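Position 110 of the sequence shown, counted from 1, bears residue number 119 in my numbering, the numbering being contiguous throughout.
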Amino acid sequence: MHPLSESTPLGPFPLAGPVEKPDPLRTPLRGDIAHVDLAGTYFVPHYVVPLQRMVGDTGANLRGEPSDASEILWDLSPGQRFDLMDSARGWAWGWLPGGPVGYVKLAELLDPFS
């Protein structure tokens with residue numbers, strides 16, 4: 010038997026009412042995916058083990074949406090760690106471990122293991 014099935018009398022994901030929404034700037038959770046550490050707490054179609062990336066030499070801007078017109082939430086320093094959880098159309102969605110969460114241009118990130 011899976012250990013989560015013993016978490017409540019109704020199983021691991023009982024339909025017991027609404028769940029309090031977490032802070033979207035501090036929790037790596039979208040409607041379609043979430044950080045793997047949130048499995049069992051939030052139900053989404055996919056859980057992701059993030060890919061560790063590093064901000065390139067020119068730094069980067071963390072934005073609220075995948076657009077140059079979106080508000081800059083945080084200035085990222087060269088060499089800073091960024092955990093990538095999704096990418097599309099030249100943008101990476103992820104977070105700095107512990108928050109904040111947002112979008113960075115893929116071209117501004119490096120693979121520290123390559």
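In this text, a Cβ means the ideal position worked out from N, Cα and C, and glycines have one as well.
If you're wondering where the values come from, they're calculated on a predicted model, not measured in any experiment.
- Item | Reduced DSSP category for Val-58 - H, G, I as helix; E, B as strand; rest coil | Translated into the one-based positions of the sequence shown, residue 58 becomes position 49. Coil at Val-58, not helix or strand.
- Query: Rounded to a whole number of angstroms, what is the C-alpha to C-alpha distance between Leu-119 and Trp-83?
  - Reply: Position 110 of the sequence shown, counted from the first residue, corresponds to residue 119. Position 74 of the sequence shown, counted from the first residue, corresponds to residue 83. If I take the Cα positions, the gap works out to 18 Å.
- Distance between Pro-54 and His-11 (C-alpha atoms, nearest Å): Locating residue 11 in the sequence shown gives position 2, counting from the first residue. Locating residue 54 in the sequence shown gives position 45, counting from the first residue. Confidence is the limiting factor: at His-11 the pLDDT is only 38, short of 50, which leaves the residue's position unreliable, though a coordinate-based value still follows. Going by the C-alpha atoms only, they are around 19 Å apart.
- Message: Judging by CA-CA distance, which residue of Arg-62, Trp-102, Pro-109, Phe-52 is the nearest neighbour of Pro-27?
- Response: Numbered from its first residue, the sequence shown carries residue 27 at position 18. Of the candidates Arg-62, Trp-102, Pro-109, Phe-52, the one whose C-alpha sits nearest the C-alpha of Pro-27 is Phe-52.
- Message: Quick check on this structure: which residue in Pro-121, Gly-111, Glu-80, Leu-115 has the alpha carbon closest to the alpha carbon of Arg-39?
- Response: Indexing the sequence shown from 1 puts residue 39 at position 30. Closest by alpha carbon: Gly-111.
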